[in-house]
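**Student:** The sequence shown begins at 6 in the numbering used here and counts up one residue at a time.
Don't be surprised by glycine CBs; every beta carbon is placed ideally from N, CA and C.
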Amino acid sequence: MLVVPCSMHTLAAIATGIADTLIVRAADVHLKERCRLVLVGRETPLHLGHLRNMVAATEMGAIVMPPVPAFYARPQSLAELVDHLAARAIDLLGLPGNPPTREWQGERR
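(1) Return the bridge partner residues of L7 from the DSSP annotation.
(2) Where do the ends of the alpha helix (DSSP H) carrying R30 lie?
(3) So, with DSSP's three-state summary, where would you put V5?
(4) Taking a contact to mean a Cβ-Cβ separation below 8 Å, would you say A67 touches L36 in this structure?
(5) Below 8 Å between beta carbons: does that hold for A20 and A61?
(6) Using 8 Å as the threshold, is the C-beta distance between A94 and V45 below it?
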């Protein structure tokens, strides 16, 4: 399951088990059943409470993925940047047959 974008409110609800909405309840079930759950947070800057909720969600089995653009892929447009970010999030689900994204190969010399 992907939660994109994941507000800090939703992340806090997932981290504390407050399943008061359909998204949080679905995420709660994914964690309970040990299924893959990827949370792509949307707010910055982060304060200590946000970071602690991210740690709590990670300790419960979620993957927290900040939406950081990958400029090593040398995107030619904003659409390519967004597509690469989406592909990286989907890669984290580990779905069979999903084409892998281009990974960083180190500095070019």
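**Tutor:** In short:
(1) For L7, which the question treats as bridged, DSSP gives the partners V43.
(2) Run containing R30: L27 to K37, per the alpha helix (DSSP H) assignment.
(3) Residue 5 lies beyond the range of the chain shown here (6 to 114); nothing can be said about it.
(4) yes
(5) yes
(6) Cβ atoms of A94 and V45: closer than 8 Å.
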